[in-house]
Structures are given as structure tokens and as C-alpha cells.
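**Student:**
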Amino acid sequence: MKIWAHRGCSQNNPENTLTAFSKAIELHGLAGIELDIQMSKDGEMVVIHDERVDRTTDGIGYVKDFTYAQLNKLWIETGNGQKEKIPTIKEVLDLIQDRMNAGLLLNIELKNSMIFYNGMEEKILDLISQRGLQDQTVYSSFYTKSLERIREEDSRSSVGILDTKVSDCFYKEKGCFGKNAVRTALHPFWRGMDFNRERLCGQTVRAWFTGHLYPEKPTGTRLDLSRLEQQGITDVFLNEPEAYLF
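With this note's numbering applied, the sequence shown corresponds to residues 514 to 759, in that order.
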């Protein structure tokens, strides 16, 4: 089973922050890091999950309505009186690129299923290409047209189709990419495994989880990864990968 850091090490640190990503790259055996990108009003690609800044920062409003300079004035509480800012994807890449050059993967989720960010696909592809990280990057989205756009621009790009049920991911893949589904993975909710393992034979299936994000207290329990593997899951996006890797 391959383990990814979901929004970095986001159980014990604020999600999608440089601190959470710093903790992740310290882990031995980590397959990759997952994060989310959106765009500011003036086109800066920033790393944040929600379409609004309310939950994770001291601000109120939609990411799309802030300029980058305005977003840069918002603070994320990290505990013990410490604060951080919303990072840009460039800042995250500066932090983790050495690990990516050594084999660590990066899953970039394009948060465009609710809000349309014009040109985001082209911008992120260009940035990743400039840094020579194409082979280490996976692009995922709930909005399959965005993934189709990624493939139109770079036919060899790795993509992950997000949905709740693995069957929906599967049929989206066939409908959008068909025989050209090279380097395409399915990204279902871990409780949405409604196909048996045999049906998914040879398929990369990366399962995502919800809840238990900082500042929630850890549950103190560990998943039985062998049971998930028996269902055909090959990778998991975990908020607390450090409970499995050291």
C-alpha cells in the first residue's frame, strides 16, 4: 500500500501549509503529497482547499475575490501563538522539489468543480514543465473537463479522476479517455468501493478520506490497510501519514 500525505501532514498541523508539507517530506517511504490549488483575483495560484478562506484563515470571503496581496495578509493559526500565510504553489515547489527530484510524487487537485478558474490548467502545466517535474506530478479533479484540458495540453500527463464511488470514477475514465486512458488513476472515497478487486485489476486506485484535520485531536487508531488492499485500493491519501511511516 502506498501512502500519501493528504494536504501535507494535516492531522497534527494546519492543512496545506508549508509546515504540513515540511513534516511530510521528512517521512521515509512516503509515496507522495496531495494538495489543492485555486487562483487569486489577479491570477496567482495558491494552495488552499476551500473555495472560501473562512475555515482555515482569519479572513472571510471567496479566494477568487482576493488579490494575492490581500490573501497574503491573511493568517493561519498554527498553535502556540504561531501563524502562517496561505502558500503559493511556487513556494511549495521550492520546498519539496529536491524530494520530488528524488522520486516523491505530487498530486495537485485543481479546485475548479464549483468555481471556474480560467487558464488554471495551462498555468500549472507550464510551471511544472519549467521545473522539469512532469513525471513526478499527478493532476486530479472532480471536474473531468479540466482533466481533459490537461490531457489536451500534455497527452502524457498523469491524471486522477475524483468522485465518491469507484464505479463513477471508472465510467468517467472510460467516457473521457477511453483507449487513451494511459497514466489515468481512479480517486474514490474509501467507502465508495462498489466494484470488486477483480474488476479493478491493474488499475491504480487512490482512496481519499474525510475528517480528522487539525486542530481536531487524533483518534489514536490506525487503519487496517490490508483490508483496503483486498478491496483493490493501491494508494491512500492520509491526514496522518506519520502514524504509518517514520
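Just so it is clear, CB atoms sit at the ideal spot from N, CA and C, and this is done for glycine as well.
If K678 sits next to P701, beta carbons under 8 Å apart, how far is it from one beta carbon to the other, in whole angstroms?
**Tutor:** Counting from 1 along the sequence shown, the entry for residue 678 is found at position 165. Counting from 1 along the sequence shown, the entry for residue 701 is found at position 188. 6 Å between Cβ atoms; contact.
**Student:** With distance defined between alpha-carbon atoms, name the residue in G545, W721 and L751 nearest to A615.
**Tutor:** Start at 1 with the first residue of the sequence shown, and residue 615 comes out as number 102. For the residues G545, W721 and L751, the minimum Cα distance to A615 belongs to G545.
**Student:** Are the CB atoms of T697 and V718 nearer to each other than 7 Å?
**Tutor:** Within the sequence shown, numbered from 1, the residue matching residue 697 stands at position 184. Within the sequence shown, numbered from 1, the residue matching residue 718 stands at position 205. For T697 and V718, no; Cβs fall outside 7 Å.
**Student:** Kindly list the residues whose CB is nearer than 6 Å to the CB of P600, restricted to its own chain and excluding five residues on each side of it in sequence; keep chain order.
**Tutor:** Reading the sequence shown from its first residue, position 87 is the one you call residue 600. The answer, listed in chain order, is L531 and V560.
**Student:** Do T650 and L623 have their C-beta atoms within less than 7 Å of each other?
**Tutor:** Taking the sequence shown and counting its residues from 1, the one referred to as residue 650 is at position 137. Taking the sequence shown and counting its residues from 1, the one referred to as residue 623 is at position 110. Against a cut-off of 7 Å, the Cβ pair of L623 and T650 comes out as no contact.
**Student:** Which ranges does the beta strand (DSSP E) cover as unbroken runs of at least 3 residues, wholly within the region 595-649, from first to last along the chain?
**Tutor:** Fully enclosed beta strand (DSSP E) runs of 3 or longer: 595-597 and 618-623.
**Student:** Roughly how many angstroms lie between the CA atoms of T732 and C682, to the nearest whole one?
**Tutor:** The residue labelled residue 732 in the question sits at position 219 within the sequence shown. The residue labelled residue 682 in the question sits at position 169 within the sequence shown. The straight-line gap from Cα to Cα measures roughly 29 Å.
**Student:** For F759 and A533, what's the separation of their Cα atoms in angstroms?
**Tutor:** Looking up residue 759 in the sequence shown gives position 246. Looking up residue 533 in the sequence shown gives position 20. Roughly 15 Å separates the two Cα atoms.
**Student:** Whose C-beta lies closer than 6 Å to the C-beta of E528 among residues of the same chain, with five residues either side of it excluded?
**Tutor:** The count along the sequence shown starts at 1 and reaches residue 528 at position 15. Excluding positions up to five away in sequence, the list reads R520 and L726.
**Student:** If the criterion is Cβ atoms closer than 7 Å, does the pair F655 and S626 meet it?
**Tutor:** The residue you call residue 655 lines up with position 142 of the sequence shown. The residue you call residue 626 lines up with position 113 of the sequence shown. Yes.
**Student:** Between which residues of its own chain and N631 is the CB-CB distance below 6 Å, once the five residues before and five after are set aside?
**Tutor:** As a working mapping, residue 631 is identified with position 118 in the sequence shown. Cβ within range, chain order: n/a, list empty.
**Student:** According to DSSP, simplified to helix, strand and coil, what is T657?
**Tutor:** Taking the sequence shown and counting its residues from 1, the one referred to as residue 657 is at position 144. Of the three classes helix, strand and coil, the one that applies to T657 here is helix, per DSSP.
**Student:** Determine the burial state of F629: buried for a count of at least 16 other Cβ atoms within 10 Å of its Cβ, exposed for fewer.
**Tutor:** As a first step, residue 629 must be located in the sequence shown, where it is residue number 116. Its Cβ having fewer than 16 others within 10 Å, F629 is exposed.
**Student:** Which residues mark the beginning and the end of the beta strand (DSSP E) in which L675 is found?
**Tutor:** For the purposes of this step, residue 675 is taken as residue 162 along the sequence shown, with counting starting at 1. Segment S671 to L675, the beta strand (DSSP E) holding L675.
**Student:** By a C-beta neighbour count over all protein chains shown, 10 Å radius and 16 as the cutoff for buried, is R748 buried or exposed?
**Tutor:** Counted from its first residue, the sequence shown places residue 748 at position 235. Before going further, note that residue 748 is Asp rather than Arg in the sequence given. By the neighbour-count rule (16 or more Cβ atoms within 10 Å), D748 is buried.
**Student:** Rank Q610, L543, V566 and F722 by C-alpha distance to the C-alpha of Q583 and give the top, closest one.
**Tutor:** As a working mapping, residue 583 is identified with position 70 in the sequence shown. Among Q610, L543, V566 and F722, the Cα nearest to that of Q583 belongs to V566.
**Student:** So, with DSSP's three-state summary, where would you put D590?
**Tutor:** Here residue 590 refers to the residue found at position 77 of the sequence shown. Note that residue 590 corresponds to Glu in the displayed sequence, not to Asp. In the structure shown, E590 sits in a strand (DSSP, three-state: E or B).
**Student:** Between Y757 and I550, which are expected to be in contact by the criterion C-beta below 8 Å, what is the C-beta distance as a whole number of angstroms?
**Tutor:** Within the sequence shown, residue 757 is the residue found at index 244, counting from 1. Within the sequence shown, residue 550 is the residue found at index 37, counting from 1. Contact doesn't hold; Cβ gap of about 26 Å is too wide.
**Student:** So, for L741: in the same chain, excluding its five sequence neighbours on each side, which residues have a beta-carbon less than 6 Å away from its beta-carbon?
**Tutor:** As a working note, residue 741 is residue 228 in the sequence shown. Once the five neighbours on either side are set aside, L741 has no close Cβ partner at all.
**Student:** Any idea what DSSP makes of I550, helix, strand or coil?
**Tutor:** Working through the sequence shown from its first residue, we reach residue 550 at position 37. Strand, per DSSP.
**Student:** Looking at C-alpha atoms only, which residue of K596, E635 and M552 is the closest neighbour of T569?
**Tutor:** As a position in the sequence shown, residue 569 is number 56, starting the count at 1. Considering only alpha carbons, the answer is K596.
**Student:** If you run the structure through DSSP and keep just helix, strand and coil, what is K515?
**Tutor:** Position 2 of the sequence shown, counting from 1, holds the residue named residue 515. Correct three-state label for K515: strand.
**Student:** Output the boundary residues of the beta strand (DSSP E) element that contains L699.
**Tutor:** As a position in the sequence shown, residue 699 is number 186, starting the count at 1. T697 to H700 is the span of the beta strand (DSSP E), which, as asked, contains L699.
**Student:** Expressed to the nearest angstrom, what Euclidean distance is found between the alpha-carbon atoms of E635 and F722?
**Tutor:** Counting from one through the sequence shown, the residue named residue 635 turns up at place 122. Counting from one through the sequence shown, the residue named residue 722 turns up at place 209. Rounded to whole angstroms, E635 to F722 spans 28 Å at the Cα level.
**Student:** Take M514 as the anchor and find which of A720, T734, I637 and G724 has the nearest alpha-carbon.
**Tutor:** Against the sequence shown, residue 514 aligns to sequence position 1. Selected option, being the one with the closest Cα: A720.
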